[in-house]
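Counting from 13, one number per residue, gives the positions in the sequence shown under the numbering used here. For every residue, glycine included, the Cβ atom is placed at its ideal position computed from N, Cα and C. Notes to accompany the following structure.
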Amino acid sequence: MARNLLMVCLVFLSLTAWVQAQQGGAQNPPAPQPAPAPSNPQPQPTPVPQPAQRQDDVTISGRIVLDASGSPDRTIEVRFETDGGQRLGYAYTGLSGEFTYRGVGASQDLYVVVEIEGFKPYRERMAYASLGGHINIFLERERFKAVEKGGSTVVDLKQLRTRIPGKAVDEYEKALKESPRGDAAKVIERLERALKLAPDFYEARNTLGVQYLRLQKYQEAEAAFERARDLNPNAADPLINLGTIYYQEGEMQSDAGRAEEAAGRFQKAVAVLEESIHRNPLSAPAHNYLGAALYKIASYERAESMLNRALQLDEGLQQANLTLINVYTRQSRFDEALDKINTYLKKNPDSPQRATLQGIKEKIEKALNR
Numbered sequence: 013m014a015r016n017l018l019m020v021c022l023v024f025l026s027l028t029a030w031v032q033a034q035q036g037g038a039q040n041p042p043a044p045q046p047a048p049a050p051s052n053p054q055p056q057p058t059p060v061p062q063p064a065q066r067q068d069d070v071t072i073s074g075r076i077v078l079d080a081s082g083s084p085d086r087t088i089e090v091r092f093e094t095d096g097g098q099r100l101g102y103a104y105t106g107l108s109g110e111f112t113y114r115g116v117g118a119s120q121d122l123y124v125v126v127e128i129e130g131f132k133p134y135r136e137r138m139a140y141a142s143l144g145g146h147i148n149i150f151l152e153r154e155r156f157k158a159v160e161k162g163g164s165t166v167v168d169l170k171q172l173r174t175r176i177p178g179k180a181v182d183e184y185e186k187a188l189k190e191s192p193r194g195d196a197a198k199v200i201e202r203l204e205r206a207l208k209l210a211p212d213f214y215e216a217r218n219t220l221g222v223q224y225l226r227l228q229k230y231q232e233a234e235a236a237f238e239r240a241r242d243l244n245p246n247a248a249d250p251l252i253n254l255g256t257i258y259y260q261e262g263e264m265q266s267d268a269g270r271a272e273e274a275a276g277r278f279q280k281a282v283a284v285l286e287e288s289i290h291r292n293p294l295s296a297p298a299h300n301y302l303g304a305a306l307y308k309i310a311s312y313e314r315a316e317s318m319l320n321r322a323l324q325l326d327e328g329l330q331q332a333n334l335t336l337i338n339v340y341t342r343q344s345r346f347d348e349a350l351d352k353i354n355t356y357l358k359k360n361p362d363s364p365q366r367a368t369l370q371g372i373k374e375k376i377e378k379a380l381n382r
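In structure tokens:
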């Protein structure tokens with residue numbers, strides 16, 4: 013009986029995609045990201061106090077990607093300001109690069125600003141369509157240095173010229189310079205020129221996929237990331253991006269009532285995300301997305317394991333906590349679900365999910381006669 017009373021609750025916590033748009037030096041349109049509602053609620057280690065939310069206010073969530081190196085390994089400040097530079101508020105990323113900012117007026121003229129050492133300053137106006145959704149911010153390094161970190165390699169442009177034709181590297185460099193200006197179509201044009209000269213140019217191929225994500229051209233992005241994976245089998249980033257694309261496609265199939273097709277895409281997401289973890293075992297986003305995909309195919313024990321590992325790697329990944337509530341409820345582990353809800357609400361008192369979670373909590377307690 014308790015199970016029946018709670019099944020309806022799961023709809024509100026159903027995962028929404030974690031790659032929604034992203035990044036190659038400038039803000040991107042939403043890219044799919046497996047994350048429980050709110051749409052990829054990107055965690056803040058310490059929530060920043062925001063003014064009381066008006067009825068027309070919206071919540072912005074997003075993710076920062078540090079060029080070819082993937083997710084940051086530190087907390088990054090994201091500033092929101094007016095056209096004239098008046099500061100409206102701040103958000104802070106978790107180690108996965110995800111953040112959430114609340115209390116933005118739907119009609120407010122808003123710019124998002126990120127300034128960190130070693131990367132070009134980012135300042136872009138948020139389109140009205142992005143408000144209330146998920147954004148991806150790609151930061152471009154000021155200079156490329158040969159550095160290995162977390163399984164990813166950032167290659168010096170001079171080193172690229174030792175193995176890639178100079179004209180192709182020139183086009184790639186111009187594309188990187190164009191990217192912060194937000195003209196993805198122009199960046200894609202330059203990348204395609206580079207790839208015409210050097211079809212096996214991994215860095216250009218991977219960046220091409222990122223730019224297609226910015227335009228929400230998922231088929232083109234998928235093809236680019238698959239080729240990038242073939243060119244650099246040891247890289248984790250193309251695999252993580254592929255996994256989130258497959259997950260989003262599964263969500264779309266599910267929404268359309270095509271359960272069999274949806275299950276196939278979720279299975280494909282699981283396979284590629286498992287592979288990404290072999291490439292980079294310390295990737296919190298990869299574990300989080302894998303847990304989300306496993307939840308979708310009812311592999312609850314494995315989903316729980318992956319989600320807990322994601323939280324070990326980045327305790328700020330609050331969407332992993334939300335997914336765990338789903339996992340516990342599906343397994344009728346109501347006491348654990350209640351504990352997770354209480355902990356989440358205590359840490360996130362201003363969460364947009366508060367009312368929904370409070371309602372679920374009350375239904376669980378009623379079902380348990382508490």
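A349 versus P250 - alpha carbon distance:
Looking at the two C-alpha atoms, the distance is approximately 34 Å.
Rounded straight-line distance, which links the Cα of E374 to that of N381
Straight-line Cα distance between these residues: approximately 10 Å.
Pop quiz: S288 and A248 are said to be a contact at Cβ under 8 Å. What is the actual Cβ separation, rounded to whole angstroms?
S288 to A248, Cβ: 5 Å. Contact.
Beta-carbon proximity of R226 to A206, cut-off 8 Å
With contacts defined as CB atoms closer than 8 Å, R226 and A206 fail to qualify as a contacting pair.
Touch check for the stretch 314 to 331 and the stretch 283 to 301: three-plus C-beta pairs under 8 Å?
Contact between the stretch 314 to 331 and the stretch 283 to 301 is present, because at least three Cβ pairs lie under 8 Å.
Would you call Q231 buried or exposed, if buried means 16 or more other Cβ atoms sit within 10 Å of its Cβ?
Under this definition Q231 is an exposed residue.
Under a three-way DSSP split, which group does E89 fall into?
Note: E89 maps to strand in three-state DSSP.
Pick helix, strand or coil for G461, following the three-state DSSP scheme.
The chain is shown from 13 up to 382; residue 461 falls before or after that span and cannot be answered.
Beta-carbon gap between F131 and Y113 smaller than 8 Å:
No, the pair does not count as a contact, with Cβ atoms beyond the cut-off.
Per the DSSP calculation, Y123 is bridged to which residue(s)?
Per DSSP, E93, R137.
Hey, quick one: how far does the alpha helix (DSSP H) through F346 stretch, first residue to last?
For F346, the uninterrupted alpha helix (DSSP H) run begins and ends at 346 to 359, by DSSP.
If you compare alpha carbons, which of Q98, L78, E110 is closest to I72?
The candidate whose alpha carbon is nearest that of I72 is E110.
Where does E327 fall in DSSP's three states?
If DSSP states are grouped into helix, strand and coil, E327 belongs with coil.
Are the stretch 264 to 277 and the stretch 231 to 245 touching by the rule of at least three beta carbon pairs closer than 8 Å?
With the cut-off at 8 Å, the stretch 264 to 277 and the stretch 231 to 245 do not touch.
Contacts around K308, its chain only, beta-carbon distance under 6 Å, and the 5 residues preceding and following it disregarded
A distance below 6 Å between beta-carbons, with the five flanking residues on each side excluded, links K308 to the following residues of its chain, in chain order: F278.
Measure the C-alpha to C-alpha separation of V90 and N354 and round it to an integer number of angstroms.
Those two C-alpha atoms are separated by around 28 Å.
Can you check whether the CB of A332 is closer than 8 Å to the CB of A305?
Not in contact: A305 and A332 (Cβ atoms no closer than 8 Å).
Opposite T256 in the DSSP bridges: which residues?
Partner(s): none; T256 has no beta bridge.
Boundaries (first-last residue) of the beta strand (DSSP E) holding N300:
The continuous stretches of beta strand (DSSP E) do not include N300, which lies in the alpha helix (DSSP H) extending over residues 296 to 308.
In three-state terms, what does DSSP make of R193?
In the three-state reduction of the DSSP assignment, R193 falls in the helix class, which pools H, G and I.
Proximal residues to E261 (C-beta, below 6 Å), its chain only, five neighbours per side dropped
Excluding residues within five positions, the ones whose Cβ falls inside 6 Å are R277.
Does the beta-carbon distance from K352 to L329 come in below 8 Å?
Not closer than 8 Å, so no.
Closest to T219 by CA distance: which of G371, R342, L151 is it?
When the alpha-carbon of T219 is set against those of G371, R342, L151, the nearest one is in L151.
Could you tell me if N244 is buried or exposed, where buried requires 16 or more neighbouring beta carbons within 10 angstroms of its beta carbon?
Burial call: buried.
Quick one: give me the first and last residue of the beta strand (DSSP E) that F150 is part of.
Per DSSP, the continuous beta strand (DSSP E) segment holding F150 begins and ends at 146 to 150.
Buried or exposed by the 16-neighbour rule on C-beta atoms within 10 Å, applied to D242
Under this definition D242 is an exposed residue.
Could you tell me how far apart the beta carbons of A187 and F213 are, in whole angstroms, since I believe they sit closer than 8 Å?
That belief does not hold up - the Cβ atoms of A187 and F213 are roughly 11 Å apart, past 8 Å.
Whole-angstrom distance between G255 and I200, CA atom to CA atom
Cα to Cα, the separation comes out at about 22 Å.
Mind checking whether V125 and I76 have CB atoms under 8 Å apart?
Cβ atoms of V125 and I76: not closer than 8 Å.
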